[in-house]
Amino acid sequence: MTMELRERRIGIEALAVQLPRSYLDLGVLARANGTDPAKYYFGLGGRRMAIPSADEDSVVLAVRAAGVLLADRAADVSSIGMVLVGTESGVDAAKPIASYVHRMAGLPSDCRVLDVQHACYGGTGALRLAAAWVLGGARPGRKALVIATDVARYDVGSPGEPTQGAAAVAMLVGEEPRVLELLPYPEAVHAAEVMDFWRPTYRSTALADGHYSMQCYLDALESCWRRFAGATGLGAGAFDYLLYHTPFPKMALKAHRRLCELSPDGPPAGGADADWERRVLPTLWANMEVGNAYSASLFVSLAGLLEHSEIDAAGARLGLFSYGSGSCAEFLAGRVGPDASAWRNRTGLRDALAGRRELTYEAYLRSRRSYEEQGRDGSFRAAAGGAGPAFCGTWNHQRIYRDAAWRSGTGWTSGEERTAEEASPFRAGHASRGAQAGS
Ligand code: COA
1 MTMELRERRI GIEALAVQLP RSYLDLGVLA RANGTDPAKY YFGLGGRRMA IPSADEDSVV
61 LAVRAAGVLL ADRAADVSSI GMVLVGTESG VDAAKPIASY VHRMAGLPSD CRVLDVQHAC
121 YGGTGALRLA AAWVLGGARP GRKALVIATD VARYDVGSPG EPTQGAAAVA MLVGEEPRVL
181 ELLPYPEAVH AAEVMDFWRP TYRSTALADG HYSMQCYLDA LESCWRRFAG ATGLGAGAFD
241 YLLYHTPFPK MALKAHRRLC ELSPDGPPAG GADADWERRV LPTLWANMEV GNAYSASLFV
301 SLAGLLEHSE IDAAGARLGL FSYGSGSCAE FLAGRVGPDA SAWRNRTGLR DALAGRRELT
361 YEAYLRSRRS YEEQGRDGSF RAAAGGAGPA FCGTWNHQRI YRDAAWRSGT GWTSGEERTA
421 EEASPFRAGH ASRGAQAGS
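Residue numbers (the working numbering): 1 to 439.
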């Protein structure tokens, strides 16, 4: 990075979080699985996990998060020149989620739109690429919209099941980083091809070699941290808070123990576990409610810190570790903006949590089944009730979404139930544009 770039500030100007409308308590899941609830609550460290309904997918969560961000007037939509979506929950092997966001958020056509995929690292990768694009100056004055959106689904009854979750975090990236300034230290990244976690394109649920994935995560942390500490001369003591990618909260404790072991400034006063309670736990309360949100997890922690009821994080120096299975990882440093308290009750996180409803175990199983059914061609059915974006099913091999533009275009209003044939957008005008193999 040149001196000129170092003198310019870059980072997150505004941030918005969206969650599914429902959650499952881990105690309910444990009892259904014949497991001691203490394993999930204390062994893994979770409390609840966000469970998307059949009409909520990674697109819907992303569009909603973008909507909250833009409704807050954080940015004039015409100032956005790039949309990057970090995700491993793509709904199509070719078409990016960013395209849906671009249309439904009403963004300008002179905009670059694409998804960035590398398991849970995708959101951080997108943030870094967006920051470099803004600093590169190809589109002076333009900002980037970065959204990390994911739905973590494992097979029912598998070891990964208690580590599911979902969230989308939308971030505006520009040169007035009121939320988080990315500090211009040398990059500390690590890549190694490993088979610790993956999701074949023919599956809707992920596969994991769980214990191996924890080892890969810690190896990547060690590599990134050695690079960061070696290049900067900083130890763990340089940070007010440390945020770790959190597939389940206990993982952040394991990560912090490893970081403290390796820190050039020696173990923290009182030991790593006591230090974890001071400098890591305050960033985890939202992750304990949401579960694993893959690429969005690290940013759920950031939102949790900003929304912490007893902490004013203004000016706090943060160390952030991002890990994506497969694998790619990065340790980066940031500084919270001076008006951090302005984000309290403003990121959408607390509203989303307060508006959730609890699922029974049977309702959880039903919602999983209906999501699978809605992915099948011909499943389209107009969304009943509610407002805002919704996934309505698949028709003619195309995923159909309810959004404001479509509603006004057809005179259709939410709350109406119609058959697929009556409500299909392909009935009038669209039919001739039906899918053709190979097109
Ligand atoms: N009370 C309290 N704690 C208990 C317990 C009980 N009754 N029973 C088990 N535990 C503890 C274990 O001691 C262990 O803690 P430790 O790691 O500190 O020793 C923890 O609960 C998990 O138990 P474990 O037997 O290791 O769980 P598991 O084999 O069922 O699977 C994962 C755990 C994380 C491997 C599994 O959830 C998974 O595959 N997740 C998806 C992949 C993932 O998240 N990877 C992380 C890196 S990206």
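Note that beta-carbon positions come from the ideal geometry of N, C-alpha and C, so glycine has one too.
None of these values were measured; they are calculated from a predicted model.
Span of the beta strand (DSSP E), counted from its first residue to its last, around residue i
i: D209; result: Unbroken run through D209: none, as it is neither H nor E.
i: A167; result: G165 to G174
i: E181; result: L180 to L182
i: L114; result: R112 to V116
i: R442; result: Any question about residue 442 goes unanswered here, given that the chain covers just 1 to 439.
i: L107; result: Careful: L107 lies outside any beta strand (DSSP E) and carries neither H nor E.
i: R31; result: Here R31 belongs to no beta strand (DSSP E); instead the alpha helix (DSSP H) covers L26 to N33.
i: D92; result: Neither: D92 is in no beta strand (DSSP E) and is coded neither H nor E.
i: V17; result: G11 to Q18
i: L44; result: Taken as a continuous stretch (DSSP letters only), L44 belongs to no beta strand (DSSP E), as it is neither H nor E.
i: K143; result: K143 to A152
i: M49; result: R48 to I51
i: V189; result: A188 to A191
Span separating the alpha-carbon of residue i from that of residue j
i: G11; j: E222; result: 25 angstroms
i: L15; j: G348; result: 9 angstroms
i: P186; j: R279; result: 23 angstroms
i: L26; j: R9; result: 42 angstroms
i: E372; j: A54; result: 8 angstroms
i: G46; j: L29; result: 12 angstroms
i: K250; j: Y40; result: 10 angstroms
i: T235; j: L253; result: The sequence given here places Gly at residue 235; Thr does not occur at that position. Distance between the alpha carbons of G235 and L253: 18 angstroms.
i: L129; j: Y23; result: 33 angstroms
i: G355; j: Q18; result: 11 angstroms
i: G386; j: E56; result: 12 angstroms
i: D377; j: A229; result: 52 angstroms
i: T232; j: L44; result: 33 angstroms
i: S379; j: T394; result: 5 angstroms
i: I147; j: G67; result: 11 angstroms
i: C216; j: S325; result: 8 angstroms
i: L107; j: V85; result: 14 angstroms
i: G141; j: S309; result: 34 angstroms
i: S158; j: I51; result: 16 angstroms
i: A144; j: A340; result: 21 angstroms
i: K95; j: E261; result: 44 angstroms
i: R178; j: H397; result: 42 angstroms
i: F391; j: R368; result: 14 angstroms
i: R335; j: G123; result: 18 angstroms
i: M214; j: L69; result: 33 angstroms
i: W406; j: V59; result: With a pLDDT of only 45 at W406, under 50, the local geometry of the prediction cannot be trusted, and the value read off the model is given with reservation. Between W406 and V59, the C-alpha separation is close to 16 angstroms.
i: R31; j: P20; result: 23 angstroms
i: A119; j: E330; result: 13 angstroms
i: L445; j: A62; result: What is shown of the chain runs 1 to 439, which leaves residue 445 out entirely.
i: P338; j: T283; result: 18 angstroms
i: T410; j: S109; result: With a pLDDT of only 34 at T410, under 50, the local geometry of the prediction cannot be trusted, and no value is derived from it.
i: G237; j: V134; result: 31 angstroms
i: G137; j: L182; result: 17 angstroms
i: V300; j: L180; result: 14 angstroms
Proximity test, residue i beta-carbon vs the ligand HEM heavy atom, cut-off 7 angstroms
i: H211; result: Looking at this structure, you won't find the ligand HEM anywhere; what it does contain is the ligand COA.
Endpoints, alpha helix (DSSP H) assigned at residue i
i: S58; result: S58 to A71
i: E289; result: W285 to V290
i: R102; result: Here the sequence assigns His to residue 102, which means Arg is not the residue at that position. Here the alpha helix (DSSP H) through H102 covers I97 to M104.
i: T394; result: Careful: T394 lies outside any alpha helix (DSSP H), inside the beta strand (DSSP E) at A390 to W395.
i: T124; result: G122 to G136
i: S370; result: Y361 to Q374
i: V77; result: Looking at the DSSP string, V77 is not in any alpha helix (DSSP H), and its letter there is neither H nor E.
Anticipated Cβ contact below 8 angstroms, residue i with residue j, distance rounded
i: A65; j: A170; result: 4 angstroms
i: L320; j: L332; result: 5 angstroms
i: E193; j: E13; result: Not a contact, Cβ separation roughly 35 angstroms.
i: T205; j: R153; result: 5 angstroms
i: A220; j: G160; result: Going by Cβ atoms, the distance from A220 to G160 rounds to 19 angstroms, so no, they are not a contact pair.
i: H190; j: C224; result: 5 angstroms
i: P389; j: R381; result: About 16 angstroms; that fails the 8 angstroms criterion.
i: V173; j: A131; result: 6 angstroms
CB contact below 8 angstroms: residue i versus chain B
i: G45; result: Within the model displayed, chain B is absent; a lone protein chain is all it includes.
*asked:* Tell me whether the stretch 31-39 and the stretch 238-248 touch, counting them as touching only if at least three CB pairs, one residue from each stretch, are closer than 8 angstroms.
replied: The count of Cβ pairs closer than 8 angstroms, one atom from the stretch 31-39 and one from the stretch 238-248, stays below three, leaving the stretches out of contact.
*asked:* Could you check whether the stretch 192-212 touches the stretch 344-362, counting it as contact only if at least three pairs of C-beta atoms, one from each stretch, sit closer than 8 angstroms?
replied: Not touching, per the Cβ criterion.
*Pair every Cβ in the stretch 166-173 with every Cβ in the stretch 280-299, then say whether three or more of these pairs are closer than 8 angstroms.*
The stretch 166-173, when compared against the stretch 280-299, does touch it at the 8 angstroms Cβ threshold.
*Are three or more beta carbon pairs between the stretch 112-131 and the stretch 93-100 nearer than 8 angstroms?*
Yes, the stretch 112-131 is in contact with the stretch 93-100.
*Report yes or no: do three or more beta-carbon pairs, one from the stretch 75-94 and one from the stretch 281-292, lie closer than 8 angstroms?*
In this structure the stretch 75-94 does not touch the stretch 281-292; the number of beta carbon pairs closer than 8 angstroms is below three.
*Taking contact to mean at least 3 C-beta pairs separated by less than 8 angstroms, is the stretch 304-314 in contact with the stretch 75-83?*
The stretch 304-314 makes no contact with the stretch 75-83, as fewer than three CB pairs between them are under 8 angstroms.
*Entirely enclosed alpha helix (DSSP H) segments - the stretch 226-288, minimum 4 residues*: For secondary structure counted as the alpha helix (DSSP H) over 4 or more consecutive residues, the stretch 226-288 holds these complete runs in sequence order: 249-262 and 272-279.
*Could you give the uninterrupted runs of the alpha helix (DSSP H) lying entirely in the stretch 286-349, keeping only those of 4 residues or more?*
The alpha helix (DSSP H) runs of length 4 or more contained entirely in the stretch 286-349 are, from start to end of the chain, 297-306.
*With a cut-off of 8 angstroms, do at least 3 Cβ pairs link the stretch 141-155 to the stretch 264-275?*
No, they do not touch.
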